[in-house]
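Those protein sequences? They're chains A and B, same order as listed. Note that this note's numbering has the first sequence beginning at 362, numbered continuously upward. Note that this note's numbering has the second sequence beginning at 63, numbered continuously upward. Structure first, commentary second.
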Amino acid sequence: MSTSAARLQEPVVPATPEARKEFETRVFVLLQEKFGATLDPLDQWGLTAVLDRNRLHDAMQFLRDEPSLRLDMLLDTAGIDYLEYPGHDLPRFAVVYILKSMVFAAHRMRIKVRVEEDDANVPSIHDLYASADWQERETWDQYGIVFTGHPNLKRLLNHCDFVGHPLRKDYPAQRGQWLLANDPMIDQLEARLKAKGYQILESPAPTSPALEETSFGRKK
Amino acid sequence: MATLDTPAPTPLATGIVGTPSGTAQPPREGLDQNILTTSIDALVSWGRSNSLWPFPYGTACCAIEFMSLVGSRFDLARFGAEFVRFSPRHSDLMIVAGTITYKQAPILRRIWEQMAEPRYVISVGACACSGGFYDCYCTVQGIDQIIPVDVYIGGCPPRPEAFIDAVMQLQEKIKDSSYVRDRANAQHERIHIG
């Protein structure tokens, strides 16, 4: 089932507009009954179901495992900052999950979770979708939304000395921040090698970035 | 003593020792053809400018233009700089081709520090020169905030001809430099830049 050769044997469901409409109607009814989903009034491009964050993990598991839905691919996780958005009186932040099925071509949808600024945390779904690991790290890095239960919620795109979250609307877009010493990433590298079955024979001695000496300047 | 039938040693007065006396050139004539005089500055600068070893620091699309430059069509080898090295310790010309982020900045600086002196830097394209249109939280607004730059090339990305022009300008700059003066300065103080 999981190999591409086996997938070719499955009946192809073409992504016609009718098939998309049928899927959207069906999946929204299911989400409404089981998890109390509502429709996103701002949505213009297909189905976006808004969920409470406490029901998010169960709902994602259902969408992934239900044989008639099979939304088994998490394309992207994105943050949204609605600060100064015209006419917006809902919570400031939202996290959007974009889902797609690798079996049914017409099956694709988005899940949105809204969070307030002073309580910006969402349960992690890295255990359901492996791709959520780095996507959640990126969303935390750029928007400051915490994914509770994430095993390694470090910055992904910005460097380790960065202060703040640059894609928040109240971050000055042109304010750069210098990094003085190399961003150490050996821990992630070793974890990845171990996960692939390699054995670490020798590790470099743990050094603090503060001790890295360059003529560029000492950190702090 | 002379039991073997060998030629007699050549007298010093008639030529170079070890050559048969009949074929040796008079020493005066040989010197005329094989010795030239110049200043050490001119000699060293001539050597440096015509044997640049580039280190490609390519982070974006300008590095594709560098590939074009060292390829057969534009052929940087004509300027003596075809020997692209991927170790900074082998190189004396750093070609920064692409966007440099703040996360990348310490790496660029460290690699530049690892290059042997005299070292030269060409900043290729809008991003490396000024940040380009990435006027944002993540992009260094010009690599000259981190390392000294000898030649800037504009463009997004520049044409290979602009690249060649930059290498020729750098060669002119190197030919103008004084090895003797730099060496005298270096004895008094280590030059700190940046």
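Even glycine gets a Cβ: it sits at the ideal position worked out from N, Cα and C.
Using the DSSP secondary-structure output, state which residues sit across from D437 (chain A) in a beta bridge.
Looking up residue 437 (chain A) in the first sequence gives position 76. Its beta-bridge partners are A:I459.
Secondary structure of A159 (chain B), DSSP reduced to three states:
If you number the second sequence from 1, residue 159 (chain B) lands on position 97. Residue state, collapsed to three classes: strand.
Cross-strand partners of Y182 (chain B) (DSSP beta bridge)
Here the question's residue 182 (chain B) lines up with position 120 in the second sequence. DSSP, once it has assigned bridges, lists B:L155 as partnering Y182 (chain B).
Residues in the stretch 187–214 of chain B with C-beta within 8 Å of chain E's C-beta atoms, listed in sequence order?
Protein chains in the displayed structure are A and B, and chain E is not among them.
Counting C-beta neighbours from all protein chains within 10 Å, is the total for D494 (chain A) 16 or more, i.e. buried, or is it exposed?
The residue given as residue 494 (chain A) occupies position 133 in the first sequence. Here D494 (chain A) is buried: its Cβ has 16 or more other Cβ atoms, across all protein chains shown, within 10 Å.
Entirely enclosed beta strand (DSSP E) segments - the stretch 523–553 of chain A, minimum 3 residues
None, since the stretch 523–553 of chain A contains no complete beta strand (DSSP E) of that length.
Within the 8 Å Cβ cut-off, does A534 (chain A) reach chain B?
Numbered from its first residue, the first sequence carries residue 534 (chain A) at position 173. It does: the Cβ of A534 (chain A) has a partner Cβ on chain B nearer than 8 Å.
Cα-Cα separation, L403 (chain A) to Y458 (chain A):
Here residue 403 (chain A) refers to the residue found at position 42 of the first sequence. Here residue 458 (chain A) refers to the residue found at position 97 of the first sequence. Roughly 15 Å separates the two Cα atoms.
Residues bridged to Y259 (chain B) [DSSP beta-bridge criterion]
Here chain B has residues from 63 to 256 only, and residue 259 (chain B) is not among them.
P386 (chain A) (DSSP reduced to helix, strand or coil)
In the first sequence, residue 386 (chain A) corresponds to position 25, counting from 1. Before going on, a small fix: residue 386 (chain A) reads as Thr here, not Pro. Assigned with DSSP and collapsed to three states, T386 (chain A) falls in helix.
When you compare each of B:P180, B:T163, B:V183 to G193 (chain B) by their alpha carbons, which one comes out closest?
Numbered from 1 along the second sequence, position 131 holds the residue referred to as residue 193 (chain B). The closest CA to that of G193 (chain B), considering only B:P180, B:T163, B:V183, is found on B:T163.
According to a CB-to-CB cut-off of less than 7 Å, which residues of the stretch 422–441 of chain A neighbour chain B?
Going along the stretch 422–441 of chain A in chain order, one finds no residue with a Cβ nearer than 7 Å to chain B.
Counted within 10 angstroms of its Cβ, other Cβ atoms place S429 (chain A) as buried (16 or more) or exposed
Indexing the first sequence from 1 puts residue 429 (chain A) at position 68. Result: exposed.
Give the secondary structure of P484 (chain A) by DSSP, where H, G and I count as helix, E and B as strand, and everything else as coil.
Your numbering for residue 484 (chain A) matches position 123 in the first sequence. In the three-state reduction of the DSSP assignment, P484 (chain A) falls in the strand class, which pools E and B.
Going by beta-carbon coordinates alone, are A376 (chain A) and A439 (chain A) separated by less than 8 Å?
Here residue 376 (chain A) refers to the residue found at position 15 of the first sequence. Here residue 439 (chain A) refers to the residue found at position 78 of the first sequence. Not closer than 8 Å, so no.
From B:A159, B:N112, B:F148, B:L131, pick the residue whose C-alpha is nearest to that of I205 (chain B); which is it?
Here residue 205 (chain B) refers to the residue found at position 143 of the second sequence. Ranking the options by Cα distance to I205 (chain B), first place goes to B:A159.
Within 8 Å, strictly: CB atoms of K237 (chain B) and S111 (chain B)
Translated into positions along the second sequence, residue 237 (chain B) becomes position 175. Translated into positions along the second sequence, residue 111 (chain B) becomes position 49. It is a contact, given that the beta carbons lie within the stated cut-off.
From the DSSP secondary-structure annotation, give me the bridge partner or partners of M470 (chain A).
The sequence position of residue 470 (chain A) within the first sequence is 109, counting from 1. In DSSP, M470 (chain A) forms a bridge with A:L460.
So with Cβ pairs under 8 Å, would you call N519 (chain A) a contact of chain B?
In the first sequence, residue 519 (chain A) corresponds to position 158, counting from 1. Answer yes: the Cβ-Cβ gap between N519 (chain A) and chain B drops below 8 Å somewhere.
What does DSSP give as the partner residue(s) for I215 (chain B) in the beta ladder?
As a working mapping, residue 215 (chain B) is identified with position 153 in the second sequence. Beta-bridge pairing links I215 (chain B) to B:V186.
Chain A contacts made by the stretch 139–165 of chain B, where a contact means CB separation under 7 Å:
Residues of the stretch 139–165 of chain B with a C-beta less than 7 Å from any C-beta of chain A: Y164, K165, listed in chain order.
Whole beta strand (DSSP E) elements within the stretch 493–519 of chain A, 3-residue minimum:
DSSP runs (the beta strand (DSSP E)) wholly in the stretch 493–519 of chain A: 507–509.
Do L489 (chain A) and R592 (chain A) count as a contact pair if the criterion is CB distance below 8 Å?
Residue 592 (chain A) is absent from the structure shown; chain A starts at 362 and stops at 581.
Does the Cβ of N519 (chain A) have 16 or more other Cβ atoms within 10 Å, making it buried, or fewer, making it exposed?
For the purposes of this step, residue 519 (chain A) is taken as residue 158 along the first sequence, with counting starting at 1. Looking at its Cβ environment, which holds 16 or more other Cβ atoms inside 10 Å, N519 (chain A) is buried.
Is S239 (chain B) helix, strand or coil when you go by DSSP?
The sequence position of residue 239 (chain B) within the second sequence is 177, counting from 1. It is coil, neither helix nor strand.
Return helix, strand or coil for R147 (chain B), following the three-state DSSP convention.
Locating residue 147 (chain B) in the second sequence gives position 85, counting from the first residue. R147 (chain B) falls in the coil class under three-state DSSP.
Specify the secondary structure class of F423 (chain A) as computed by DSSP and reduced to three states.
Residue mapping note: residue 423 (chain A) aligns to position 62 of the first sequence, counting from 1. For F423 (chain A), the secondary structure class from DSSP, reduced to helix, strand or coil, is helix.
Identity of the residue in B:S239, B:D244, B:F225 nearest L131 (chain B) by Cα
Within the second sequence, the letter at position 69 stands for residue 131 (chain B). When the alpha-carbon of L131 (chain B) is set against those of B:S239, B:D244, B:F225, the nearest one is in B:F225.
In three-state DSSP terms, what is F465 (chain A)?
Translated into positions along the first sequence, residue 465 (chain A) becomes position 104. Three-state result, F465 (chain A): coil.
Kindly confirm or deny that the stretch 520–527 of chain A and the stretch 551–559 of chain A touch, where touching means at least three C-beta pairs closer than 8 Å.
With the cut-off at 8 Å, the stretch 520–527 of chain A and the stretch 551–559 of chain A do not touch.
Helix, strand or coil: which one does DSSP assign to V411 (chain A)?
Within the first sequence, residue 411 (chain A) is the residue found at index 50, counting from 1. Three-state result, V411 (chain A): strand.
Any beta carbon from chain A within less than 8 Å of R180 (chain B)'s own beta carbon?
Reading the second sequence from its first residue, position 118 is the one you call residue 180 (chain B). Before going on, a small fix: residue 180 (chain B) reads as Pro here, not Arg. Not closer than 8 Å to any Cβ of chain A, the Cβ of P180 (chain B) fails to qualify, so no.
At the level of alpha carbons, what is the spacing between D154 (chain B) and Y241 (chain B)?
For this step, residue 154 (chain B) is matched to residue 92 along the second sequence. For this step, residue 241 (chain B) is matched to residue 179 along the second sequence. Cα-Cα distance, rounded: 15 Å.
Can you tell me whether N543 (chain A) is buried or exposed? The criterion is at least 16 other CB atoms within 10 Å of its CB, across all chains shown.
In the first sequence, the residue the question calls residue 543 (chain A) occupies position 182. Result: buried.
Span separating the alpha-carbon of R579 (chain A) from that of V186 (chain B)
For this step, residue 579 (chain A) is matched to residue 218 along the first sequence. For this step, residue 186 (chain B) is matched to residue 124 along the second sequence. The predicted model places R579 (chain A) with a pLDDT of 45, which falls under 50 and marks its position as unreliable; any figure quoted below should be read in that light. Here the alpha carbons of V186 (chain B) and R579 (chain A) stand approximately 29 Å from one another.
Against chain A: residues of the stretch 102–133 of chain B by CB proximity under 7 Å:
For the stretch 102–133 of chain B, which is checked against every Cβ of chain A, not one residue is closer than 7 Å.
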